[in-house]
Amino acid sequence: MKKALICYASRTGKTEKMAKYIAEGLRMKGIDVDIKKISEIESEKQMEGFDAYIFGCPTYHRDMTAGMKTFLFLAEKLNMVGKIGGAFGSYTHSGESAPMIFDTMQFVYKMDMTDLGALSLKEAVVDSGDGAKACQDYGKAIGEKIQ
Ligand SMILES: Cc1cc2nc3c(=O)[nH]c(=O)nc-3n(C[C@H](O)[C@H](O)[C@H](O)COP(=O)(O)O)c2cc1C
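When we follow our numbering, the leftmost residue of the sequence shown carries the number -7, and every step to the right adds one.
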């Protein structure tokens, strides 16, 4: 069975919600999914052995969080060249975080990123049926790419 790892940061739970919906989409495509908060990852060794990696972080102060930056340096130690990837995050008005993470995964880690780009959702949308569907569809598309 193919495996995907979702790692996320979330202060008030919106990006966490996105992570859970994306996991649902992946599971609908028969992918085994692990979901971890970035605070649970102490070593890159905990991230070894997955077919796809999907990282999420909300936007604060037009940036990703400090914890996410530290996490991305840790993830750099892992060889993810050619692995399938995606990035996501909740925001209210500018939403820089998910596209920045997506770029790092594409250009620094040299991953095979989803053609959909980053999934940035306004937090009001995250709580709606449309938001749940957008996240599930994102997970499904990545699930299809893994197979
Ligand atoms: C102090 C503060 C700064 C924020 N700065 C931004 C910002 O620069 N751009 C933006 O789009 N949203 C900004 N937001 C909104 C958050 O991104 C939004 O509430 C998001 O849904 C939080 O996600 P989380 O629940 O996963 O932490 C800010 C929120 C707070 C409290």
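Every residue gets a Cβ at the ideal spot worked out from N, C-alpha and C, and that includes glycine. Here the structure is a predicted model, which means the values were calculated and not measured.
- For Ala90, the uninterrupted alpha helix (DSSP H) segment begins and ends at 89 to 95.
- Annotation for Tyr13: the continuous alpha helix (DSSP H) segment containing it runs 6 to 20.
- Contact between Leu18 and Glu40 fails: their C-beta atoms lie close to 19 angstroms from each other, not under 8 angstroms.
- Counted as a single uninterrupted DSSP element, the beta strand (DSSP E) harbouring Asp24 occupies residues 24 to 29.
- Taking a C-beta distance under 8 angstroms as the contact criterion, Lys137 and Ile76 qualify as a contact pair.
- Here Leu111 has Phe80, Tyr130 as same chain residues with Cβ atoms under 6 angstroms from its own Cβ, once five neighbours each way along the sequence are excluded.
- Here Glu16 has Gln128, Gly131 as same chain residues with Cβ atoms under 7 angstroms from its own Cβ, once five neighbours each way along the sequence are excluded.
- Closest option to Gly5, judged by alpha-carbon separation, among Gly135, Lys114, Lys37: Lys114.
- Distance between Val73 and Ile93, taken at the CA atoms: about 15 angstroms.
- In terms of side-chain proximity, the C-beta atom of Pro50 is found nearer than 7 angstroms to a non-hydrogen atom of ligand 1.
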